[in-house]
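A.B. asks: Going down the list, the sequences are from chains A, B and C.
Anchor point for the first sequence: position 61 equals 60 in numbering that gives the first Met the number 0, and the numbering is continuous, going up by one each time.
Anchor point for the second sequence: position 247 equals 246 in numbering that gives the first Met the number 0, and the numbering is continuous, going up by one each time.
Anchor point for the third sequence: position 450 equals 449 in numbering that gives the first Met the number 0, and the numbering is continuous, going up by one each time.
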Amino acid sequence: MEELILSVVQRTLVAGTPLLLGTIGEIISERSGILNLGVEGVMAVGAVTAFIVTHHTGNPWLGLCAAIVAGMLISIVHAFASVSLQSNQVVSGLALTMLGLGVAGLLGKPYVGKPLAIKINAMPIPFLSDIPVVGPVLFNQSPFFYMAVLLAIGAWFVLEHTLLGIRIRSTGENPKATETQGVNVSLVRYLSVIAGGGFSAMAGAHLSISYSKSWIEGMTAGRGWIVIALTIFALWNPLRAMVGAFLFGGIFVLQYMLQPLGISPNFLAMPSPQRPGHAGGTLPPRRALRARL
Amino acid sequence: MLHFKVSDREQISAIGTFLTLVLALTAGMVVIGLIFLLCGVNPFFAFKKIFSGSFGSVFGFKETITKAIPLILIGGGLALAFKAKFWNIGAESQLLMGAIFGTWVGLHWGPVLPSPVIVPLMFVAGFIGGALWGLIPAILKIRFAINEVISTLMLNYICAEFLILLIVGPWKSKKKFGFPYTDDLPDSAILSLLPGSRIHTATLILAVVAVVVLAIVIYKTRFGYEVRVIGENPDAAKYAGIDFTRTTLLIMAISGGMAGLAGIGEVAGIHHYLSYPDSISSGYGFTAIIVAWLAKLNPLYVIFSGIFFSGILVGGDAIQISLGLPAATVDVFNGTLLFFLIMGDFFTKNKIRVLSGERA
Amino acid sequence: MMHKIETLEMVNVSKSFHGVRANDNINLKVSSGEILGLLGENGAGKTTLMNILYGIYQPDAGEIRVNGQRVTIDSPRASIEHGIGMVHQHFMLIQNHTVIENIALGYARAPGLFPQKKIRKSIVSFSEKFNFNIDPDKKVWQLSAGEQQRVEIVKALVNGAGLLILDEPTSVLTPQETRDFFQVLEKMRKDGQLIILISHKLDEIKKLCDRVTVLRKGQVVGHVDAEQMDKRSLARMMVGRDVIFSFSREKMPRKEKVLDVADVTVVGDKGYPVVNGISFAVYRNEIFGIAGVSGNGQRELVEAITGLRTVTHGRIRINDKDITNQSPRKIYNNGVSHVPEERIRFGIAPNLFLYENAILKQHHQKKFSRLTFLAYGRIKAHTRQLIKEFQVATPSINVQTKNLSGGNIQKLILGREISDKPDLLVASHPTYGLDVGATEYLRNQLLKRRTEGGAVLLVSEDLDELFELCDRTAVIFKGRFMGILESDDPRLADIGLMMAGTKNLRPGDGADASL
Numbered sequence: 000m001e002e003l004i005l006s007v008v009q010r011t012l013v014a015g016t017p018l019l020l021g022t023i024g025e026i027i028s029e030r031s032g033i034l035n036l037g038v039e040g041v042m043a044v045g046a047v048t049a050f051i052v053t054h055h056t057g058n059p060w061l062g063l064c065a066a067i068v069a070g071m072l073i074s075i076v077h078a079f080a081s082v083s084l085q086s087n088q089v090v091s092g093l094a095l096t097m098l099g100l101g102v103a104g105l106l107g108k109p110y111v112g113k114p115l116a117i118k119i120n121a122m123p124i125p126f127l128s129d130i131p132v133v134g135p136v137l138f139n140q141s142p143f144f145y146m147a148v149l150l151a152i153g154a155w156f157v158l159e160h161t162l163l164g165i166r167i168r169s170t171g172e173n174p175k176a177t178e179t180q181g182v183n184v185s186l187v188r189y190l191s192v193i194a195g196g197g198f199s200a201m202a203g204a205h206l207s208i209s210y211s212k213s214w215i216e217g218m219t220a221g222r223g224w225i226v227i228a229l230t231i232f233a234l235w236n237p238l239r240a241m242v243g244a245f246l247f248g249g250i251f252v253l254q255y256m257l258q259p260l261g262i263s264p265n266f267l268a269m270p271s272p273q274r275p276g277h278a279g280g281t282l283p284p285r286r287a288l289r290a291r292l
Numbered sequence: 000m001l002h003f004k005v006s007d008r009e010q011i012s013a014i015g016t017f018l019t020l021v022l023a024l025t026a027g028m029v030v031i032g033l034i035f036l037l038c039g040v041n042p043f044f045a046f047k048k049i050f051s052g053s054f055g056s057v058f059g060f061k062e063t064i065t066k067a068i069p070l071i072l073i074g075g076g077l078a079l080a081f082k083a084k085f086w087n088i089g090a091e092s093q094l095l096m097g098a099i100f101g102t103w104v105g106l107h108w109g110p111v112l113p114s115p116v117i118v119p120l121m122f123v124a125g126f127i128g129g130a131l132w133g134l135i136p137a138i139l140k141i142r143f144a145i146n147e148v149i150s151t152l153m154l155n156y157i158c159a160e161f162l163i164l165l166i167v168g169p170w171k172s173k174k175k176f177g178f179p180y181t182d183d184l185p186d187s188a189i190l191s192l193l194p195g196s197r198i199h200t201a202t203l204i205l206a207v208v209a210v211v212v213l214a215i216v217i218y219k220t221r222f223g224y225e226v227r228v229i230g231e232n233p234d235a236a237k238y239a240g241i242d243f244t245r246t247t248l249l250i251m252a253i254s255g256g257m258a259g260l261a262g263i264g265e266v267a268g269i270h271h272y273l274s275y276p277d278s279i280s281s282g283y284g285f286t287a288i289i290v291a292w293l294a295k296l297n298p299l300y301v302i303f304s305g306i307f308f309s310g311i312l313v314g315g316d317a318i319q320i321s322l323g324l325p326a327a328t329v330d331v332f333n334g335t336l337l338f339f340l341i342m343g344d345f346f347t348k349n350k351i352r353v354l355s356g357e358r359a
Numbered sequence: 000m001m002h003k004i005e006t007l008e009m010v011n012v013s014k015s016f017h018g019v020r021a022n023d024n025i026n027l028k029v030s031s032g033e034i035l036g037l038l039g040e041n042g043a044g045k046t047t048l049m050n051i052l053y054g055i056y057q058p059d060a061g062e063i064r065v066n067g068q069r070v071t072i073d074s075p076r077a078s079i080e081h082g083i084g085m086v087h088q089h090f091m092l093i094q095n096h097t098v099i100e101n102i103a104l105g106y107a108r109a110p111g112l113f114p115q116k117k118i119r120k121s122i123v124s125f126s127e128k129f130n131f132n133i134d135p136d137k138k139v140w141q142l143s144a145g146e147q148q149r150v151e152i153v154k155a156l157v158n159g160a161g162l163l164i165l166d167e168p169t170s171v172l173t174p175q176e177t178r179d180f181f182q183v184l185e186k187m188r189k190d191g192q193l194i195i196l197i198s199h200k201l202d203e204i205k206k207l208c209d210r211v212t213v214l215r216k217g218q219v220v221g222h223v224d225a226e227q228m229d230k231r232s233l234a235r236m237m238v239g240r241d242v243i244f245s246f247s248r249e250k251m252p253r254k255e256k257v258l259d260v261a262d263v264t265v266v267g268d269k270g271y272p273v274v275n276g277i278s279f280a281v282y283r284n285e286i287f288g289i290a291g292v293s294g295n296g297q298r299e300l301v302e303a304i305t306g307l308r309t310v311t312h313g314r315i316r317i318n319d320k321d322i323t324n325q326s327p328r329k330i331y332n333n334g335v336s337h338v339p340e341e342r343i344r345f346g347i348a349p350n351l352f353l354y355e356n357a358i359l360k361q362h363h364q365k366k367f368s369r370l371t372f373l374a375y376g377r378i379k380a381h382t383r384q385l386i387k388e389f390q391v392a393t394p395s396i397n398v399q400t401k402n403l404s405g406g407n408i409q410k411l412i413l414g415r416e417i418s419d420k421p422d423l424l425v426a427s428h429p430t431y432g433l434d435v436g437a438t439e440y441l442r443n444q445l446l447k448r449r450t451e452g453g454a455v456l457l458v459s460e461d462l463d464e465l466f467e468l469c470d471r472t473a474v475i476f477k478g479r480f481m482g483i484l485e486s487d488d489p490r491l492a493d494i495g496l497m498m499a500g501t502k503n504l505r506p507g508d509g510a511d512a513s514l
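Shown next, in the form of structure tokens:
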């Protein structure tokens, strides 16, 4: 029984990792005042880029870097539309999702069904992983997990305790006042959206070069949309995002574990997406989302 | 010396708007061609295939019209919602709910009622199903200030799972060799097709009539006026005594209801039974967002933009088969064209003048 | 980069918007240790000029010189770097952030890491120097208007601003806060600070400024010594003619009661009552004014009367009919029209056509619709008549309403609101920000409504406007009336004290006795 629980926790953390990465990115973007509904598409681009580069170079770390760059590049389109052209963020975000999914599908077509020779494997942390019970669960994970947790803490630190963070948050809260303080609001927004794209792409890379070692169309399976909901669930706080992401990760895992017992996996998934909606309602909606929606 | 000046455009002629649109679509096509090129596909060949597969052949054109039906219905409803700045991106599940309600009516009363009775009943049920599902985000927004983008998105998931639950559980047919499908609708509940095609005429006529009526409603009636005032300035609408709650509920009932009509139309006209969500709707609820946008939120123009994007869907299927491209190819079209439409909007709303002069 | 500003000049500065010259060849100069008054009516171009100085707008022509050197100011950042600070009329603060975070945002020397911790000291020392007494960890929305203004001033001073631009600084302050603020300015002047004070209040200018530059319609009409001018001649320079302080307002006998407000309490946005048991009545042939510093409950009171906000206690009657908490449409149908404050935000849908805005509240009436269809023919005919009658300048009725000027939009709204001959017209700050011509026109229309037998409820911060128009004026402070004065009441001289809550003419009337 204990083994089972540990295995569930272990797998929960794995399943929650891409959700956490994506959510950090979306938090940064929304804190600067730009809603990015394109996460799903950027994730797909990240996944396919990471896969292709790893496939050809044999170096998954190079694949990860390429994915981040690709995710940032494609996010520029959304930044341009919503910041420079001041167009509707919902429409432009949807366009980004479609574009991302489409491009990923096209690029990845020749690679469907080809497994990678190498992937980013679990990396036990010396000493820590030897701690009984907790060790193997927390400290024998994929590097993506460590990165996600560190980045969440880092993002929280940047937002709350640095000048850059104050600028990002001020831009989202009141762009006009921020502009009069000599801050280049457009630049802050561009950078935030682009950084958000990098995080989403990282989440995608986790799927194709660590979680599994293959590419198939639609492998992001709606995680990008869950990220949008998680962002609200986390109340735009990267630390709370950890709680939310791993909670959702747990639901994913339970769903698959209960499947053989004859319980429909879909049944459990049902209540999950409802939660963020409630959270968004009982707590004051933030300006970032109300703005121009 | 030249410099650019961006300023609000006071008024733009219909021809100007149309030309910008054509320009945006053309530029979008060029970019799509480039993307194809980068992905190792000959763009000229691909475009030729898409055109011949959608508009350039009799079979293709029939398919284009078939798939335009749900796009026109949903696009019209979305145009109404977007006019009021209610961002309904849950048409996909409003369609499914319409399909569920309508199918239930068809399965239960189809065997005992004649076609002229059961078919209208199913459409009514489909409308109600979509409308009820559309009302949920409206109520959440009015009562709890929950952003409709998030709620409609999440409702898409809930509805899809609900449908799966139905077809693997209580509604699962005993005659389908264990597949998760419902029973077939009885013959009386099945829509007749235009011979030699899959065009279910009843829904087609319904769609065209609905968007025409909707255009009249938006531009000629008190309700439409109120919708537009709410969309343009909700504070002024409140000040003017326009009932936000009532109007929003009505908007979402209509918007969801029209998607519901599309849903039951798809089942009664094409599939004849309920199955997995992706096979009942191939993303019509999302594609219709672009349809509405291309139509500049005018339901009348939705007829044309619906046929246009339907052509891309059908043509996309054609190149999938002939060039072995992935299903997502159509997304490249939709995403890119949507971006260029947004850019076109920028140019119709803003005047960019190239001036010559000393001052910069 | 940073150097002490000794003099600042603006030379031949011009700026146009949509072909309208907001600033036309303007020159001004300010030197160390003096306060320059920039006097002009709303719309004279004062704020535009200062926004150019602060880098928000770029001038079409002309230049700015600091200590005689030409400088380029193409952004607020550049302006801050040249030692210029600005306190905007509408505070540029992030309401959800703390005072420290707000100051750190524009603080050129704020460190990248832990800025909140590291700049606390300099904030506290500035705060102590001027007796500001602000808690750096409070969120801005928790502060009063006066405190928020002090945050704005600290924000400018920590950056070493040698020149401080103050745009209508006293418009949101109580008289007490204003006195404190004047002391701060005196202290700054002694420290050698350059100050430009934008105002249209003559008293303030006379009292504080060394020199005054007067603007009218985008042009400089004169540079004068504040000491040598009396108020009347300053006013004449500002307006361009002798100001007629008396409108033709003959006394009229009070007729039957139209509006009856009885012991009304209204809860504000922050969840506590902002109108506390107010009672009054407005009669036919009467203009009833409400004076007060903004934020004392006048907005909420108006919203309660027009149905936009819930009344939590008390009753409101129109012509003896109870309309408490009825819908805005029902109240309108009972004869209450409303010219809202912030006309573009509430009064129109800017992207809709002029003729569509001309019927914003009447579209459901029988004369404009048949069954459910709007009768566009009649609507357009009505609109044409409206713009003729109320002198709305527009090329056609088929233009988007946002293309009209503020004055013309206000004429359209007023025309729309009084074309139905309402029993009660509620007007909130109807002439705010309008030019003299439009102001005079609108005031005359209000008087006309009174003569025709309507009742008018006028909410204004402009005391001159209230004195000119009102038969009776109530003074509101913290959601209570400090008194209701007839137009010939000698105690009107004390209206400032009443607005500050220090004088209460009706202490037994439910008002706070401690005041």
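From the three backbone atoms N, C-alpha and C, an ideal C-beta is built for every residue, glycine too.
Small disclaimer: the values here were computed from a predicted structure and weren't measured.
#1: Among Arg188(A), Pro125(A), Pro17(A) and Ala233(A), which residue has its Cα nearest to the Cα of Ala46(A)?
#2: What span of residues does the beta strand (DSSP E) with Val76(A) cover, start to end?
#3: For the beta strand (DSSP E) containing Ile483(C), list its first residue and its last residue.
#4: Answer yes or no: do Lys410(C) and Gln384(C) have a C-beta to C-beta separation smaller than 8 Å?
#5: What span of residues does the alpha helix (DSSP H) with Tyr282(C) cover, start to end?
#6: How would you label Gln227(C), buried or exposed, when you count the other beta carbons within 10 angstroms and need 16 or more for buried?
#7: Is it the case that the Cβ atoms of Leu95(B) and Leu162(B) are separated by a distance below 8 Å?
#8: Can you give the Cα-Cα distance for Trp519(C) and Asn95(C), rounded to whole angstroms?
#9: Short check: CB of Leu258(C) to CB of Val281(C), under 8 Å?
#10: Any beta-carbon of chain A closer than 8 Å to the one on Phe16(C)?
#11: Cutting at 7 Å between CB atoms, please list the residues of its own chain near Ser209(A), excluding the five before and the five after it.
#12: Quick one: measure Cβ to Cβ for Leu468(C) and Ile286(C), integer angstroms, because I've assumed they're closer than 8 Å.
#13: From the DSSP secondary-structure annotation, give me the bridge partner or partners of Ser522(C).
#14: Can Ile343(C) be considered in contact with the ligand SAM, in the sense that its beta carbon sits closer than 7 Å to one or more heavy atoms?
#15: My parser needs the alpha helix (DSSP H) runs of 4 or more residues fully inside the region 9-79 of chain B; what are they?
#16: Roughly how many whole angstroms lie between the Cα atoms of Ser74(C) and Glu62(C)?
#17: So which of Asn324(C), Asn66(C), Lys14(C) and Gly36(C) has the shortest CA-CA distance to Gly44(C)?
#18: Quick one: any contact between the region 80-91 of chain B and the region 41-61 of chain B, if contact means 3 or more CB pairs under 8 Å?
#19: Output the distance between the C-alpha atoms of Glu5(C) and Ile195(C), rounded to the nearest integer angstrom.
#20: Give the C-beta separation of Ser254(B) and Ala80(B) to the nearest angstrom, bearing in mind that I take them to be a contact with Cβ-Cβ under 8 Å.
#21: Closer than 8 Å, CB to CB, is Asn232(B) near chain C or not?
#22: Between Ala109(C) and chain A, is any beta-carbon pair separated by less than 8 Å?
#23: Using a beta-carbon distance below 8 Å, is Pro349(C) in contact with chain B?
#24: Starting from the beta carbon of Gly15(B), find every residue of chain C whose beta carbon is closer than 7 Å, and list them in chain order.
#25: Taking 8 Å as the threshold (C-beta atoms), are Leu77(B) and Ile227(A) in contact?
C.D. replies: Answer, in terms of the structure:
#1: By 1-based counting over the first sequence, the position of residue 46(A) is 47. Considering only alpha carbons, the answer is Pro17(A).
#2: Counted from its first residue, the first sequence places residue 76(A) at position 77. Looking at the DSSP string, Val76(A) is not in any beta strand (DSSP E); the run it does join, the alpha helix (DSSP H), is Pro59 to Ala78.
#3: Taking the third sequence and counting its residues from 1, one reaches residue 483(C) at position 484. Its beta strand (DSSP E) spans residues Arg479 to Glu485.
#4: Taking the first residue of the third sequence as position 1, residue 410(C) is located at position 411. Taking the first residue of the third sequence as position 1, residue 384(C) is located at position 385. No; because the gap between Cβ atoms is not below 8 Å, this pair is not in contact.
#5: Locating residue 282(C) in the third sequence gives position 283, counting from the first residue. No alpha helix (DSSP H) contains Tyr282(C), which is instead part of the beta strand (DSSP E) from Pro272 to Tyr282.
#6: Indexing the third sequence from 1 puts residue 227(C) at position 228. Label assigned to Gln227(C): exposed.
#7: Sequence index remark: in the second sequence, residue 95(B) carries index 96 (1-based). Sequence index remark: in the second sequence, residue 162(B) carries index 163 (1-based). Cβ atoms of Leu95(B) and Leu162(B): closer than 8 Å.
#8: The structure shown does not extend to residue 519(C), since chain C is modelled only from 0 through 514, so no value can be given for it.
#9: Locating residue 258(C) in the third sequence gives position 259, where the first residue counts as 1. Locating residue 281(C) in the third sequence gives position 282, where the first residue counts as 1. Their beta carbons are under 8 Å apart, which means Leu258(C) touches Val281(C) by this criterion.
#10: One-based indexing of the third sequence puts residue 16(C) at position 17. It does not; no Cβ of chain A falls within 8 Å.
#11: As a position in the first sequence, residue 209(A) is number 210, starting the count at 1. Cβ within range, chain order: Lys118, Ile119, Ser141 and Phe143.
#12: Locating residue 468(C) in the third sequence gives position 469, counting from the first residue. Locating residue 286(C) in the third sequence gives position 287, counting from the first residue. Right, their Cβ atoms sit about 5 Å apart.
#13: A query on residue 522(C) cannot be resolved here, the shown segment of chain C reaching from 0 to 514 and no further.
#14: Annotation note on the ligand SAM: not contained in the displayed structure, which lists no ligands.
#15: 13-37 and 42-53
#16: Numbered from 1 along the third sequence, position 75 holds the residue referred to as residue 74(C). Numbered from 1 along the third sequence, position 63 holds the residue referred to as residue 62(C). Rounded to whole angstroms, Ser74(C) to Glu62(C) spans 14 Å at the Cα level.
#17: One-based indexing of the third sequence puts residue 44(C) at position 45. Taking only the C-alpha atoms, the option nearest Gly44(C) is Lys14(C).
#18: no
#19: Counting from 1 along the third sequence, the entry for residue 5(C) is found at position 6. Counting from 1 along the third sequence, the entry for residue 195(C) is found at position 196. So the two alpha carbons sit approximately 14 Å from each other.
#20: Residue 254(B) sits at position 255 when you count from the first residue of the second sequence. Residue 80(B) sits at position 81 when you count from the first residue of the second sequence. With 8 Å as the limit, Ser254(B) and Ala80(B) qualify as a contact, their Cβ atoms being about 4 Å apart.
#21: On the second sequence, residue 232(B) is found 233 positions in, with the first residue counted as 1. True, the Cβ-Cβ gap to chain C drops below 8 Å.
#22: In the third sequence, the residue the question calls residue 109(C) occupies position 110. Answer yes: the Cβ-Cβ gap between Ala109(C) and chain A drops below 8 Å somewhere.
#23: Counting from 1 along the third sequence, the entry for residue 349(C) is found at position 350. Yes, Pro349(C) lies at the interface with chain B (some Cβ there is under 8 Å from its Cβ).
#24: In the second sequence, residue 15(B) corresponds to position 16, counting from 1. What Gly15(B) touches in chain C: nothing, since even the nearest Cβ is about 15 Å away.
#25: The count along the first sequence starts at 1 and reaches residue 227(A) at position 228. The count along the second sequence starts at 1 and reaches residue 77(B) at position 78. Against a cut-off of 8 Å, the Cβ pair of Leu77(B) and Ile227(A) comes out as no contact.
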